[in-house]
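To start, the structure under review is shown below, and the notes come after it.
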Amino acid sequence: MVDTPRLTREDVAHVAGLARLHLSDEELDLFTGQLAVVLDHAADVALLDLADVPPTAHAMAVTNVLRPDTPGLTVDRAEVLAAAPSVEDHRFRVPRILGEAP
Amino acid sequence: MTPPRSALNLAAAIRNGEASAVEVLDDYLAVIDADDGEIHAFNLVTRDAARAQATAIDQRVASGEDPGLLAGVPVALKDNLCTRGVPTTCSSRILDGWRPPYDATVVTRLREAGAVMVGKTNMDEFAMGSSTESSAFGPTRNPHDTSRVPGGSSGGSAAAVAAGFAPVALGSDTGGSIRQPAALCGVVGMKPTYGTVSRYGLVAFASSLDQIGPLTTTVADAALVFDVIGGHDPADSTSLDRPAPRVLSVLDEGIQGMTVGVLTEFLEDADADVVARTRQAAEACVAAGARVEEISVPEVRLGLSAYYLIAPAEASSNLARYDGVRFGLRVDAEDTTAMNTATRSVGFGAEVKRRIMLGTYALSAGYMDAYYGQALRVRTKIIEGFARAYRRCDVLLGPTTPSTAFSIGAKVGDPMTMYLSDVCTIPTNLAGHPAISIPFGSGDDGLPVGVQLLAPALAENTLLRAAAVIEAAAASMGGSRS
Amino acid sequence: MTDGWVMVIGLEVHCELKTTTKLFCGCPNMFGNEPNTNVCPVCLGLPGSLPVLNQKAVELAMAIGTALNCDIRPSTFHRKNYFYPDQAKDYQISQYDEPINVDGWLELPDGFRVGIERAHMEEDTGKTTHVGATGRIHGADYSLVDYNRSGVPLVEIVSDPDLRTSAQARAYVTELRSVLVATGASDGKMEEGSMRVDANVSVRRSADDPFGTRCEIKNLNSVRSVGRAIDYEAGRQIALIESGDRVMQQTRHWDEDAGRTVTLRSKEDAYDYRYFLEPDLVPLVPDADWKAAVADALGMMPAQRRARLADLLSDAGSITDARTEQVATVVDLGLDDLVVEAIAGGIPTALALARTANEAATDPEAARQLDTGSYVALLSMEAAGTLSATQAKAVLAELLAAGGGDPSAIAREKGFEAMSDNSLSATVAQAIEGNPDEWARYCAGEDKLAQVFIGQVMKSTRGQANGKAVVTELQRLRG
Numbered sequence: 000m001v002d003t004p005r006l007t008r009e010d011v012a013h014v015a016g017l018a019r020l021h022l023s024d025e026e027l028d029l030f031t032g033q034l035a036v037v038l039d040h041a042a043d044v045a046l047l048d049l050a051d052v053p054p055t056a057h058a059m060a061v062t063n064v065l066r067p068d069t070p071g072l073t074v075d076r077a078e079v080l081a082a083a084p085s086v087e088d089h090r091f092r093v094p095r096i097l098g099e100a101p
Numbered sequence: 000m001t002p003p004r005s006a007l008n009l010a011a012a013i014r015n016g017e018a019s020a021v022e023v024l025d026d027y028l029a030v031i032d033a034d035d036g037e038i039h040a041f042n043l044v045t046r047d048a049a050r051a052q053a054t055a056i057d058q059r060v061a062s063g064e065d066p067g068l069l070a071g072v073p074v075a076l077k078d079n080l081c082t083r084g085v086p087t088t089c090s091s092r093i094l095d096g097w098r099p100p101y102d103a104t105v106v107t108r109l110r111e112a113g114a115v116m117v118g119k120t121n122m123d124e125f126a127m128g129s130s131t132e133s134s135a136f137g138p139t140r141n142p143h144d145t146s147r148v149p150g151g152s153s154g155g156s157a158a159a160v161a162a163g164f165a166p167v168a169l170g171s172d173t174g175g176s177i178r179q180p181a182a183l184c185g186v187v188g189m190k191p192t193y194g195t196v197s198r199y200g201l202v203a204f205a206s207s208l209d210q211i212g213p214l215t216t217t218v219a220d221a222a223l224v225f226d227v228i229g230g231h232d233p234a235d236s237t238s239l240d241r242p243a244p245r246v247l248s249v250l251d252e253g254i255q256g257m258t259v260g261v262l263t264e265f266l267e268d269a270d271a272d273v274v275a276r277t278r279q280a281a282e283a284c285v286a287a288g289a290r291v292e293e294i295s296v297p298e299v300r301l302g303l304s305a306y307y308l309i310a311p312a313e314a315s316s317n318l319a320r321y322d323g324v325r326f327g328l329r330v331d332a333e334d335t336t337a338m339n340t341a342t343r344s345v346g347f348g349a350e351v352k353r354r355i356m357l358g359t360y361a362l363s364a365g366y367m368d369a370y371y372g373q374a375l376r377v378r379t380k381i382i383e384g385f386a387r388a389y390r391r392c393d394v395l396l397g398p399t400t401p402s403t404a405f406s407i408g409a410k411v412g413d414p415m416t417m418y419l420s421d422v423c424t425i426p427t428n429l430a431g432h433p434a435i436s437i438p439f440g441s442g443d444d445g446l447p448v449g450v451q452l453l454a455p456a457l458a459e460n461t462l463l464r465a466a467a468v469i470e471a472a473a474a475s476m477g478g479s480r481s
Numbered sequence: 000m001t002d003g004w005v006m007v008i009g010l011e012v013h014c015e016l017k018t019t020t021k022l023f024c025g026c027p028n029m030f031g032n033e034p035n036t037n038v039c040p041v042c043l044g045l046p047g048s049l050p051v052l053n054q055k056a057v058e059l060a061m062a063i064g065t066a067l068n069c070d071i072r073p074s075t076f077h078r079k080n081y082f083y084p085d086q087a088k089d090y091q092i093s094q095y096d097e098p099i100n101v102d103g104w105l106e107l108p109d110g111f112r113v114g115i116e117r118a119h120m121e122e123d124t125g126k127t128t129h130v131g132a133t134g135r136i137h138g139a140d141y142s143l144v145d146y147n148r149s150g151v152p153l154v155e156i157v158s159d160p161d162l163r164t165s166a167q168a169r170a171y172v173t174e175l176r177s178v179l180v181a182t183g184a185s186d187g188k189m190e191e192g193s194m195r196v197d198a199n200v201s202v203r204r205s206a207d208d209p210f211g212t213r214c215e216i217k218n219l220n221s222v223r224s225v226g227r228a229i230d231y232e233a234g235r236q237i238a239l240i241e242s243g244d245r246v247m248q249q250t251r252h253w254d255e256d257a258g259r260t261v262t263l264r265s266k267e268d269a270y271d272y273r274y275f276l277e278p279d280l281v282p283l284v285p286d287a288d289w290k291a292a293v294a295d296a297l298g299m300m301p302a303q304r305r306a307r308l309a310d311l312l313s314d315a316g317s318i319t320d321a322r323t324e325q326v327a328t329v330v331d332l333g334l335d336d337l338v339v340e341a342i343a344g345g346i347p348t349a350l351a352l353a354r355t356a357n358e359a360a361t362d363p364e365a366a367r368q369l370d371t372g373s374y375v376a377l378l379s380m381e382a383a384g385t386l387s388a389t390q391a392k393a394v395l396a397e398l399l400a401a402g403g404g405d406p407s408a409i410a411r412e413k414g415f416e417a418m419s420d421n422s423l424s425a426t427v428a429q430a431i432e433g434n435p436d437e438w439a440r441y442c443a444g445e446d447k448l449a450q451v452f453i454g455q456v457m458k459s460t461r462g463q464a465n466g467k468a469v470v471t472e473l474q475r476l477r478g
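Protein chains in written order, with numbering that gives the first Met the number 0: chain V, 0 to 101; chain A, 0 to 481; chain R, 0 to 478.
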């Protein structure tokens with residue numbers, strides 16, 4: 000049995016930030032309401048006593064899928080860069096990055 | 000209107016030289032030109048490329064070469080299948096105009112079998128939906144009643160086949176996205192066993208659930224297409240190491256002596272007319288020599304809740320790559336984080352944003368085990384429930400979806416109501432099992448009803464034999480094809 | 000270390016694996032190519048792409064696990080979700096709670112054992128170039144991303160917090176590097192980024208106190224900076240605490256020029272990576288046969304090589320600190336096989352070791368290619384007294400420069416004729432005649448004065464005499 004808290008507006012705002020989504024105030028209210036309803040249904044799941052049940056991550060149980068260390072096809076750089084929003088010097092250009100990688 | 004030509008017959012005629020691939024294509028293009036303005040099944044009709052492919056097929060036939068099992072058959076591809084140099088949008092603003100530099104494996108296999116790609120079909124944005132209304136490019140209309148939805152997320156593919164735009168379409172099914180629109184549009188739609196058809200080149204929604212499958216006018220065509228696109232692919236680690244399927248050859252073996260289990264939980268969720276059609280389909284199984292019994296798999300009741308945690312969780316991660324850096328839409332800003340946020344906020348529609356947030360929440364610190372972890376345990380229970388049922392039964396039978404097609408706009412305001420369309424289809428995705436929807440009569444409103452067959456993993460042979468029986472019964476009762 | 004304080008250090012080392020292709024796709028794992036030419040849908044994170052695991056990368060990871068005495072276990076891959084331009088999918092495929100290697104240890108040359116918590120597999124990111132005033136991320140106007148290195152296989156080796164001094168940390172990194180090179184997993188070129196070290200440092204007043212708050216210093220790329228950064232950071236933390244402040248848990252960077260660590264981000268806002276099992280990959284379960292095959296294929300590790308030489312030395316009764324250092328040197332340079340073969344060829348242990356550690360080591364690359372027969376022949380000549388030490392060194396230098404040759408022929412070319420006994424006696428007699436007082440004192444027992452005569456003999460023979468032979472002659476004359 001797991002206790003799950005009710006979804007709050009702050010939760011939604013926090014999660015939107017994690018997901019790099021900007022929500023207006025109206026959207027924040029609307030989504031909080033809608034998501035709370037979905038999570039209420041999901042609470043059926045959260046409240047079940049399944050402590051002895053192993054999780055299934057893959058429906059078909061397979062192991063050790065490997066490939067040999069031999070070169071495969073790369074992709075044409077021009078074709079890839081042609082589809083890129085901004086390119087300089089054969090590299091993908093992005094606006095300044097504020098922080099170091101986590 | 001003459002009954003639609005099947006892919007089997009078309010391919011045979013083209014291989015024999017009785018029909019020209021170019022002429023066949025032109026016939027279909029004429030129907031598209033006449034009707035797609037209203038239906039909007041296609042995001043893009045690849046007219047010139049299709050003509051070139053069809054011409055090449057006719058040349059191969061003329062020079063005595065084998066043009067392949069699907070020679071000259073026009074195929075419509077859901078717009079989440081990568082097609083090299085051809086826009087692949089997932090019906091999203093964020094990928095509007097994006098041309099992949101590579102083909103999906105299924106696209107390559109279709110081409111090598113001689114199929115002619117006629118266009119990319121409309122869908123719910125990033126496959127998230129049950130009505131094709133969340134497409135950024137406008138909804139698709141149900142050819143049987145254009146005020147109604149075609150279902151989703153493969154609504155464009157289902158409508159294309161139902162409207163006679165192509166004999167074959169490919170869709171993808173994560174929670175019912177092939178089967179449900181097939182049912183609402185009155186065509187055949189099949190989701191194969193997870194791992195039997197390569198996902199390489201399918202734009203991912205929920206990786207552990209997504210499968211590609213055919214939408215066709217006949218069960219035999221579905222079998223034929225499955226045989227062509229199925230089989231091991233080293234580019235997909237979840238692809239089962241098994242040879243290509245050979246289901247078409249066993250189709251007519253019937254179901255004498257099999258046990259068919261009618262799933263009571265699915266009946267409980269359905270409208271009376273849909274239930275009635277399902278019971279008629281059950282009777283057809285009896286007439287074909289099978290035993291029919293009612294069977295309860297209570298675990299399927301948990302499917303919806305588990306699905307709406309697992310699928311969005313995986314999706315939230317799969318959709319992170321749409322960040323304006325390497326491809327697709329970019330909305331400029333002062334710094335990269337702001338650019339990511341602006342791009343995604345403009346580029347994604349409301350349903351996609353909802354599911355990304357739901358998924359991010361389910362995975363985030365503190366909630367992971369309560370939600371996502373629990374959902375994975377529910378999945379185990381569902382698999383156990385089905386296993387119990389399959390100890391008694393060879394196949395399971397039920398409605399594909401609780402109702403016939405609803406009106407455009409009827410459910411968009413309430414996501415939860417929309418999600419309920421998938422109660423009968425979701426459990427099979429969670430289990431990784433195959434299932435197929437076969438048109439079977441109409442509802443009280445005259446709209447198509449689909450009945451669904453389910454089978455254990457890798458039992459496509461059994462599944463399609465039973466499907467052929469039900470299809471024959473539907474035809475003899477007047478069917479849903481009009 | 001400041002009195003009254005002790006350090007606690009744990010190191011995380013990222014090791015790039017020497018495979019032909021990347022971890023999850025067939026793109027070349029190479030340096031120095033034109034940007035974005037070694038890329039494909041998979042390592043660019045294009046929609047619809049899927050990862051497939053490189054078998055060789057797994058074998059190298061297992062080799063590392065074996066060399067570090069780990070348990071090699073069934074393992075799974077997880078997604079570590081975060082947005083960053085050099086992360087093509089905006090998640091990294093890594094290993095989380097079920098890594099391939101766990102619970103190992105690494106023994107340092109002085110015998111100290113450092114625990115290895117885990118050594119897991121993960122993919123590397125692309126590389127960003129910052130364009131703007133300084134070329135660093137601060138104050139940059141914009142950045143450019145190259146994905147050639149995106150998806151390169153890495154093994155991350157996490158030590159237990161067992162290290163207590165910066166010297167130990169340096170020794171750990173040095174030894175680990177040797178091990179990684181010996182397994183064939185790495186080329187060991189830290190300066191090129193093949194190995195990157197993150198150091199977790201905290202301080203406490205005594206070993207009985209609980210661990211203090213730690214800071215992580217990221218991306219140290221030389222043994223020297225590992226040591227300097229750790230010492231600085233410990234000092235910084237001590238100063239903070241002694242002035243009444245507290246240490247904030249942070250990620251810091253080492254500024255080599257300024258000689259200090261700086262912070263860019265507070266680690267207290269721990270990033271929510273939302274780890275979950277990678278649905279596009281399946282579990283890795285190496286069976287006993289595979290593990291055995293990897294272990295069998297593994298060559299000798301540095302510790303074993305040092306032990307082998309040390310055993311030979313102790314058999315000859317000649318271990319000293321200086322010799323232990325020579326052992327470490329020859330092993331580190333991959334020249335220990337040469338020493339072992341020389342000893343097997345009859346060369347006295349100490350000579351084989353010294354000549355290799357001191358002279359051959361000046362050109363290790365050439366020394367590694369050297370024909371063992373020639374080397375043994377040369378050292379035999381020196382051991383027999385046919386050549387003096389000086390002469391032998393000269394011949395060796397020639398052998399190394401030329402990439403081989405015949406030591407006798409070279410000696411003759413150089414005019415290194417062995418001195419006949421007669422000419423030696425004559426030269427010694429001359430030296431004695433020229434230094435009568437010293438001779439008297441030498442005869443009275445001042446053995447050290449032999450040096451005077453040796454020096455004279457060397458001068459008059461231009462270094463061609465054999466010192467030992469001179470001493471023998473002096474002793475004979477003294478009676």
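Note that the Cβ used here is the ideal one computed from N, Cα and C, for glycine as well.
| Query | Result |
| --- | --- |
| For A:R376 and A:S316, I'd like the C-alpha separation in whole angstroms. | 20 Å |
| Name the chain A residues that come within less than 7 Å of V:A83, Cβ to Cβ? | R325, F326 |
| Going along the region 268 to 279 of chain R in order, which residues come within less than 8 Å of chain V, judged by CB to CB distance? | Y270, D271, Y272, R273, L276, P278 |
| Counting only runs that start and end within the region 208 to 282 of chain A, where is the beta strand (DSSP E) found for 3 or more residues in a row? | 210 to 215, 258 to 262 |
| Considering Cα atoms alone, identify which of A:F204, A:K380, A:A221 is closest to A:G212. | A:A221 |
| With distances taken between CB atoms, is the gap from A:T217 to A:S406 smaller than 8 Å? | no |
| Beta carbon of R:M300, beta carbon of R:V154: below 8 Å? | no |
| Between which two residues does the alpha helix (DSSP H) containing R:E412 stretch? | 406 to 412 |
| Decide if A:Y306 is buried, meaning its Cβ has at least 16 other Cβ atoms within 10 Å, or exposed. | buried |
| Hey, out of R:C442, R:A198, R:P98, whose CA is closest to R:E121's CA? | R:P98 |
| If the cut-off is 9 Å on Cβ atoms, which residues from the region 179 to 205 of chain A count as contacting chain R, listed in chain order? | S197, R198, Y199, G200, L201, V202, A203, A205 |
| Can you pull out the residues from the region 15 to 34 of chain V whose beta carbon lies closer than 7 Å to at least one beta carbon of chain A? | A15, L17, A18, R19, L20, H21, F30, Q33, L34 |
| Is R:P278 near A:S206, with beta carbons less than 8 Å apart? | yes |
| Strictly by DSSP, which residues pair up with R:W253? | R:T260 |
| If you pair each beta-carbon of the region 283 to 292 of chain A with each one of the region 48 to 59 of chain A, do three or more pairs fall below 8 Å? | no |
| Any residues in the region 49 to 62 of chain V with a beta carbon nearer than 7 Å to a beta carbon of chain R? Which ones, in chain order? | A56, H57, V61, T62 |
| What residues from chain V crowd round R:N36, counting only those whose CB sits closer than 9 Å? | The sequence as given places Thr at residue 36 of chain R; Asn does not occur at that position. Within chain V, the residues near R:T36 are T73, R76, H89. |
| Quick check on DSSP: helix, strand or coil for A:N428? | helix |
| Using only the alpha-carbon positions, how far apart do R:S221 and R:E190 sit? | 7 Å |
| With DSSP as the reference, label R:S379 as helix, strand or coil. | helix |
| Using a Cβ cut-off of 8 Å, pull out every chain B residue sitting near V:D68, in sequence order please. | Among the chains of the structure shown, chain B does not appear; the protein chains present are V, A and R. |
| Looking at A:S236 and R:L49, is the spacing between their C-beta atoms short of 8 Å? | yes |
| Look up R:N199 in the DSSP assignment and give the residues it is bridged to. | R:G9, R:E215 |
| Among all the DSSP beta bridges, which residues are the ones paired with R:W104? | R:G114 |
| Where does A:A114 sit, in a helix, a strand or coil, going by DSSP? | coil |
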